[in-house]
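Colleague:
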Amino acid sequence: HAWATHSSDLDFFMRGFCKDKIFTNQLEDIAEVGKPRQLDPLNRWVDAYGNLEVTPPLPGYELGRIYYGKAGEVGLNPEIIDFIKAQKIQGPPVDIDTSWLMIRHVDEIITFIPSKFGKPLMLIVSPEAGVKLLQELSQQGYGQAAINRGLSTQTTVRAALKNQKLIQHNLYLQREKLDPLIEKLKLEFNLSDDQIIQVPAMFGYSGYSWWPNMVNSVVVNGELLVSNPVGALINGRDYTQEKFRRLVADASLNINFMDDKYYQNLRGSIHDATNTTRLGKNNPFWKSLSEDISELRFQNYEVRGQR
16 HAWATHSSDL
26 DFFMRGFCKD
36 KIFTNQLEDI
46 AEVGKPRQLD
56 PLNRWVDAYG
66 NLEVTPPLPG
76 YELGRIYYGK
86 AGEVGLNPEI
96 IDFIKAQKIQ
106 GPPVDIDTSW
116 LMIRHVDEII
126 TFIPSKFGKP
136 LMLIVSPEAG
146 VKLLQELSQQ
156 GYGQAAINRG
166 LSTQTTVRAA
176 LKNQKLIQHN
186 LYLQREKLDP
196 LIEKLKLEFN
206 LSDDQIIQVP
216 AMFGYSGYSW
226 WPNMVNSVVV
236 NGELLVSNPV
246 GALINGRDYT
256 QEKFRRLVAD
266 ASLNINFMDD
276 KYYQNLRGSI
286 HDATNTTRLG
296 KNNPFWKSLS
306 EDISELRFQN
316 YEVRGQR
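With our numbering applied, the sequence shown covers 16 to 322.
1) What are the boundary residues of the beta strand (DSSP E) that includes Asn239?
2) Which residues does DSSP list as the beta-bridge partners of Phe218?
3) Which of helix, strand or coil does DSSP assign to Arg252?
4) Tell me which residues share the same chain as Ile212 and place their Cβ nearer than 6 Å to its Cβ, disregarding the 5 neighbours each side in the sequence.
5) Are there 16 or more other CB atoms within 10 angstroms of the CB of Thr291, so buried, or fewer, so exposed?
6) To the nearest whole angstrom, what separates the beta carbons of Pro71 and Gly84, a pair I think is in contact under 8 Å?
7) Does DSSP put Gln154 in a helix, a strand or coil?
8) Below 8 Å, how does it come out for the segment 156–175 and the segment 192–203: are there three or more Cβ pairs, yes or no?
9) Quick one: using the 10 Å Cβ neighbour count with 16 as the cut-off for buried, is Gln41 buried or exposed?
10) Would you check if the distance between the CB atom of Asn178 and the CB atom of Gln169 is smaller than 8 Å?
11) Looking only at DSSP bridge pairs, what is Leu148 linked to?
12) Can you look up Leu138 in the DSSP assignment and give me helix, strand or coil?
13) Going along the chain, which residues of its own chain have a beta-carbon closer than 8 Å to the beta-carbon of Val241, five neighbours each way excluded?
14) Let me know the secondary structure DSSP gives Asn269 once reduced to three states.
15) With distance defined between alpha-carbon atoms, name the residue in Tyr254, Leu239 and Phe204 nearest to Pro74.
16) How many Å lie between Gln328 and Phe218 at the Cα?
17) Does any residue of chain D have a CB that is nearer than 8 Å to the CB of Ala174?
18) Output the distance between the C-alpha atoms of Gly106 and Ala63, rounded to the nearest integer angstrom.
19) Restricting to Cα atoms, I'd like to know which of Asp122, Trp225 and Glu47 is closest to Asp112.
20) Quick check for students: name the residue ranges of the beta strand (DSSP E) that lie wholly in the segment 65–117, counting only runs of 3 or more.
21) By Cβ distance below 6 Å, which residues in the same chain neighbour Ile99 in space, the five residues on each side in sequence not counted?
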């Protein structure tokens, strides 16, 4: 069997992982794809792993569809993209505009979770929903309630709504970035409207999550690990948490809100701070090959074998 790894600044970790995990599981060959590269400061995290993701199985894509973030002309390492295109099984990779984000990772924009009805649900950040959440609180008489509690951005609902520069920036992001992306992904991933959940979020001017990003989450063993949004406490309950629970009511998951204040202050969230080791199903990838690529060959890549 063969295993492909993406060379990056984390290459030292991956080498250890491959040695300890892959070869002990009787995977015999490893293809090292791409080399670390120097990027400008704005794009220095583009080649990190939070910028390369895959959907659950979709119609026509039994092993899911790969997607990645791209900021203008700078996207994931072109050697990696070429490798993904060549293997074909997970379709041509879908690029997502991450130019408006500080870290520029696609895992800050969308993620997928299982539903009770079989089809996956796509969570996507929604700055407009974030603004509406604040407006709801204000209309219900909770203008003095604290939001972003304990964070450097802590303020009140009323003060946030008075910050028209912040409000208009987020409405701009929805109109110019997120709404077009939703339409694109509906086509690329063959999603219906009821599979798309717009999660309240807000972003600062430099592209950081203004409150903890609930989309940047992790699914593991029937649990959904979500950043605690530290929203307004209304009658002892976090209003934003309750809103999220209602939005994902069709998910077959137990929701866990995690304190990630340390990472939030470093401009990251739960998915940025964790990783999972998946147990794959006994479903050989070559069974998903179409007839015209029934033989998979590695071309122009260095293959290192250990037997």
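No residue lacks a Cβ here, since even glycine has one placed at the ideal position from N, Cα and C.
Modeller: With the given structure in hand:
1) Per the sequence shown, the amino acid found at residue 239 is Leu instead of Asn. Here the beta strand (DSSP E) through Leu239 covers Glu238 to Ser242.
2) Ser224
3) strand
4) Leu136, Leu138 and Leu262
5) exposed
6) With a Cβ gap of about 19 Å, Pro71 and Gly84 do not count as contacting.
7) helix
8) no
9) Because the pLDDT of Gln41 is 47, which lies under 50, any placement of that residue in the model is unreliable, and the number read from its coordinates should be weighed accordingly. Looking at its Cβ environment, which holds fewer than 16 other Cβ atoms inside 10 Å, Gln41 is exposed.
10) no
11) According to DSSP, Leu148 bridges with nothing at all.
12) strand
13) Met229, Ser232, Phe259, Ile270, Asn271, Phe272, Met273 and Ile285
14) strand
15) Phe204
16) Outside the modelled stretch of the chain, which goes from 16 to 322, sits residue 328, for which no answer is possible.
17) Absent from the structure: chain D. Only one protein chain is present.
18) 21 Å
19) Asp122
20) 67–69, 81–86 and 109–112
21) Ile81 and Pro108
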